[in-house]
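Participant:
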Amino acid sequence: MLRHLGKRRSFRHNFKLAVLLSLTAGFINAAGFIAFGVLTTNVTGHAALFAEQAATLQWATAQMIALWMLLFLLDAYSFSLIISAIGRDRRFAYVVPVLLEITVLSTEKVSAGILRDSCAGRLLFIMMGMQNAMVSLVSDSVVRTTHLTGTFTDLGIELADWCKGGDLQRMAISGIKLRLSIILCFLTGAIFFRRFHFPAFYIPVLLLAGMLAYDILSIPVRRKLLRFNERQAGTGK
Numbered sequence: 001m002l003r004h005l006g007k008r009r010s011f012r013h014n015f016k017l018a019v020l021l022s023l024t025a026g027f028i029n030a031a032g033f034i035a036f037g038v039l040t041t042n043v044t045g046h047a048a049l050f051a052e053q054a055a056t057l058q059w060a061t062a063q064m065i066a067l068w069m070l071l072f073l074l075d076a077y078s079f080s081l082i083i084s085a086i087g088r089d090r091r092f093a094y095v096v097p098v099l100l101e102i103t104v105l106s107t108e109k110v111s112a113g114i115l116r117d118s119c120a121g122r123l124l125f126i127m128m129g130m131q132n133a134m135v136s137l138v139s140d141s142v143v144r145t146t147h148l149t150g151t152f153t154d155l156g157i158e159l160a161d162w163c164k165g166g167d168l169q170r171m172a173i174s175g176i177k178l179r180l181s182i183i184l185c186f187l188t189g190a191i192f193f194r195r196f197h198f199p200a201f202y203i204p205v206l207l208l209a210g211m212l213a214y215d216i217l218s219i220p221v222r223r224k225l226l227r228f229n230e231r232q233a234g235t236g237k
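Quick note: the sequence shown uses full-length UniProt numbering, first residue 1, plus one each step.
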């Protein structure tokens with residue numbers, strides 16, 4: 001899911017990535033809103049809220065909102081620089097950010113008890129900035145898992161293409177499946193957090209750990225299977 005880039009990526013790779021990370025984003029967005037009163041993936045809404053607070057001279061609130069948006073920006077910026085330095089095509093380039101996301105999700109309940117709500121909420125904001133940058137880099141901006149505005153726009157365009165029939169209809173089907181999976185998983189993650197609260201974070205933690213293990217171990221396993229098959233073929237001769 002993370003190793004294949006550019007032309008090496010298939011619809012299957014993007015679909016798996018979309019399902020897993022949009023589910024995680026749904027958990028995090030619900031946690032930010034329910035537990036801390038922060039919409040961790042809604043930068044557009046925060047920009048409007050910042051303007052409203054600045055216009056009414058509510059500078060303390062405006063500064064807090066500006067900090068949230070800046071954290072989202074700086075995290076995406078830092079992540080992109082790090083990945084560029086390591087090399088996008090390197091096998092373990094995305095291990096550290098995924099491990100960081102797993103760590104934050106695993107300890108968020110403890111962090112919420114130790115830190116102020118605003119600080120704990122900022123951790124989730126940072127995670128969404130990092131995840132958004134990671135998904136954009138891996139999928140060449142085909143997949144967006146942290147917000148639904150662009151997803152609904154793409155879905156509307158693809159539904160229009162599907163209605164036209166012919167080649168456009170066939171091309172639109174995979175896109176429609178991808179957008180619907182993102183929307184459904186985002187909503188599912190939010191519902192699960194609303195129902196189970198912080199213990200629900202163990203679901204995306206396990207899924208992210210599974211994704212990481214799959215990406216790390218799949219190449220060695222395939223190589224061993226290939227060598228085994230080659231030896232078997234040689235023995236058969």
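Glycine included, each C-beta is placed from N, C-alpha and C at the ideal position.
Computed from a predicted structure; not experimentally measured.
Classify L180 as helix, strand or coil using the three-state DSSP reduction.
Facilitator: Of the three classes helix, strand and coil, the one that applies to L180 here is helix, per DSSP.
Participant: Please state whether the Cβ-Cβ distance between T146 and Q169 is less than 7 Å.
Facilitator: no
Participant: Would you call the stretch 59-68 in contact with the stretch 174-185, where contact means no fewer than 3 C-beta pairs closer than 8 Å?
Facilitator: Not touching, per the Cβ criterion.
Participant: Just to confirm, is the Cβ distance from L105 to G32 under 7 Å?
Facilitator: no
Participant: Which residues in the same chain have their Cβ closer than 6 Å to the Cβ of V205, if we skip the five residues on either side of it in sequence?
Facilitator: Excluding positions up to five away in sequence, the list reads I102, L105, S106.
Participant: Should R73 be labelled buried (16 or more other beta-carbon atoms within 10 Å of its own) or exposed?
Facilitator: In the sequence as displayed, the identity of residue 73 is Leu instead of Arg. Classification of L73: exposed, given that the 10 Å Cβ count is below 16.
Participant: Helix, strand or coil: how does DSSP classify V38 here?
Facilitator: Coil.
Participant: With a 10 Å radius around its C-beta and 16 neighbouring C-beta atoms as the bar for buried, classify G150 as buried or exposed.
Facilitator: exposed
Participant: Less than 7 Å between the beta carbons of F36 and G121, yes or no?
Facilitator: yes
Participant: Below 7 Å between beta carbons: does that hold for V98 and L212?
Facilitator: yes
Participant: Hey, how far is the Cα of F27 from the Cα of R12?
Facilitator: 23 Å
Participant: Could you pull the start and end residues of the alpha helix (DSSP H) that V142 belongs to?
Facilitator: Per DSSP, V142 belongs to no alpha helix (DSSP H) and is neither H nor E.
Participant: Figure out for me which residue from L208, Y214, I216 has the closest Cα to the Cα of S22.
Facilitator: L208
Participant: According to DSSP, is L73 part of a helix, a strand, or is it coil?
Facilitator: helix
Participant: In three-state DSSP terms, what is H197?
Facilitator: Reduced to three states, the DSSP call for H197 is coil.
Participant: Please look up how many angstroms separate the CB atoms of A133 and S80, rounded, as I've assumed it's under 8 Å.
Facilitator: Contact holds; Cβ gap of about 6 Å.
Participant: Have a look at A47, I82, Y77, D161 and flag the residue whose alpha-carbon is nearest the alpha-carbon of I65.
Facilitator: With distances taken between Cα atoms, I65 lies closest to A47.
Participant: Give every residue of the same chain whose Cβ lies closer than 7 Å to the Cβ of A93, excluding the five residues on either side of it in the sequence, and list them in chain order.
Facilitator: I83, I86, G87
Participant: Are the Cβ atoms of A172 and D154 separated by less than 7 Å?
Facilitator: no
Participant: If M128 sits next to A25, beta carbons under 8 Å apart, how far is it from one beta carbon to the other, in whole angstroms?
Facilitator: 7 Å
Participant: Given a cut-off of 7 Å on the beta-carbon distance, is the pair V143 and N14 in contact?
Facilitator: yes
Participant: Given a cut-off of 7 Å on the beta-carbon distance, is the pair A54 and F193 in contact?
Facilitator: no
Participant: Assign Y202 to one of three DSSP states: helix, strand, or coil.
Facilitator: helix
Participant: So is F196 buried or exposed if we call it buried at 16+ other beta carbons inside 10 Å?
Facilitator: Exposed.
Participant: Can you name, in chain order, every residue of its own chain whose Cβ lies under 6 Å from the Cβ of A51, other than the five neighbours on each side?
Facilitator: none
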